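Q:
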Amino acid sequence: MAPPPSGQTTGLVVDLAKIPPEGRELAVEVEPESLQLSPEDAITLDAPVFVHGLLRRVAEQVYFRGAVEGVVRALCSRCLDAVHATIGADIDAAFLPPPTGAGAEETFETDELDLYTHDGVQIDLRPLVRDQVVLAFPVQSLCREECAGLCQVCGVNRNEQQCACQDEDRDSPFRVLKGLHFPESS
Ligand SMILES: [Zn+2]
Ligand SMILES: [Zn+2]
């Protein structure tokens, strides 16, 4: 079977015309590659994530309320071992029509919503899901609470082996700060 054309691969791209007045249920398994996570995101997906919820169309705006669930892999902040974490994030987002150039002020409440745009023909939920997956993973992720991290001097994983340089500053409360570079000290 030939691969489907771009934009039809995930089920996260929906024709606006196919969103009926009563809304449209969405339940999609999203393949990792369709989210195009970049190295800066610092997380990896080994398996699809599951997105479900309801699309509603109000005039030119489309609202999505639902959730994303899955398992992500990242690196332990201390020892760089792989860390797997189950994520589950509620999604509340609005997709606005493309700017008309008329300079009209948007008047609806947006405080609680993540804002995206659609192109007037289709709504693409991939950027939204991607953002949610990245945000759902804690910035500081540890393989375990008491992870000993890497030796700042020789680089060995202190969870796995001891090293000779370990003793000198083991008791220093500032040990963890070594190796970090601040723009200026305060
Ligand atoms: Zn660790
Ligand atoms: Zn060492």
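Take the sequence shown: its position 125, counting from 1, is numbered 106 in this note's numbering, and each next residue is one higher. Ideal Cβ placement from N, Cα and C applies to all residues, glycine included. The model shown is predicted, which means the values in this text are computed figures rather than measured ones.
1. Give the DSSP-derived three-state secondary structure of LEU123 in the structure shown.
2. Between which two residues does the beta strand (DSSP E) harbouring LEU26 extend?
3. Three or more C-beta pairs under 8 Å: does that hold for the segment 56 to 69 against the segment 135 to 143?
4. Sort THR67, VAL134 and ILE0 by Cα distance to LEU35 and report the nearest one.
5. Indicate whether VAL115 and PHE76 have their beta-carbon atoms separated by less than 9 Å.
6. Spatial neighbours of ASP105 within its chain, please: CB distance less than 6 Å, with the 5 preceding and 5 following residues excluded, ordered by chain position.
7. When burial is assigned at 16 or more other CB atoms within 10 Å of the CB, is SER15 buried or exposed?
8. Cα separation between VAL64 and ALA129?
9. Distance check for CYS144 and VAL11, CA to CA, integer angstroms please.
10. Check each candidate in ALA48, GLN17 and ARG5 and name the one with the smallest Cα separation from ARG38.
11. Looking at the unbroken beta strand (DSSP E) that takes in GLU10, where does it start and where does it end?
12. In chain order, what are the residues with a CB under 6 Å from some non-hydrogen atom of ligand 4?
13. Hey, HIS99 and PRO78 are a contact pair by Cβ (cut 8 Å); roughly how many whole angstroms apart?
14. Taking the continuous alpha helix (DSSP H) assigned at GLN42, which residues delimit it?
15. Going by the beta-carbon positions, is the gap between VAL53 and LEU96 smaller than 9 Å?
A: Taking the structure as given:
1. Stepping through the sequence shown from its first residue, residue 123 is reached at position 142. Residue state, collapsed to three classes: coil.
2. As a first step, residue 26 is located in the sequence shown; it is residue number 45 there, counting from the start. LEU26 -> beta strand (DSSP E) spans 24 to 26.
3. yes
4. Here residue 35 is taken as the residue at index 54 of the sequence shown, counted from 1. Checking every option, the nearest Cα to that of LEU35 belongs to ILE0.
5. The count along the sequence shown starts at 1 and reaches residue 115 at position 134. The count along the sequence shown starts at 1 and reaches residue 76 at position 95. Their beta carbons are not under 9 Å apart, which means VAL115 does not touch PHE76 by this criterion.
6. In the sequence shown, residue 105 corresponds to position 124, counting from 1. Only VAL(-6) meet the Cβ criterion.
7. Within the sequence shown, residue 15 is the residue found at index 34, counting from 1. The residue is buried, with at least 16 neighbouring Cβ atoms inside 10 Å.
8. On the sequence shown, position 83 is the one that residue 64 refers to. On the sequence shown, position 148 is the one that residue 129 refers to. So the alpha carbons of these two residues sit roughly 15 Å apart.
9. Locating residue 11 in the sequence shown gives position 30, where the first residue counts as 1. Locating residue 144 in the sequence shown gives position 163, where the first residue counts as 1. Distance between the alpha carbons of VAL11 and CYS144 is about 44 Å.
10. In the sequence shown, residue 38 corresponds to position 57, counting from 1. Answer by Cα proximity: ARG5.
11. Walking along the sequence shown from the start, residue 10 turns up at place 29. Here the beta strand (DSSP E) through GLU10 covers 5 to 11.
12. This structure simply doesn't include ligand 4; it includes ligand 1 and ligand 2 instead.
13. Counted from its first residue, the sequence shown places residue 99 at position 118. Counted from its first residue, the sequence shown places residue 78 at position 97. Contact flag correct, Cβ pair sits at about 7 Å.
14. Within the sequence shown, the letter at position 61 stands for residue 42. Careful: GLN42 lies outside any alpha helix (DSSP H), inside the beta strand (DSSP E) at 42 to 56.
15. The sequence position of residue 53 within the sequence shown is 72, counting from 1. The sequence position of residue 96 within the sequence shown is 115, counting from 1. It is not a contact, given that the beta carbons lie outside the stated cut-off.
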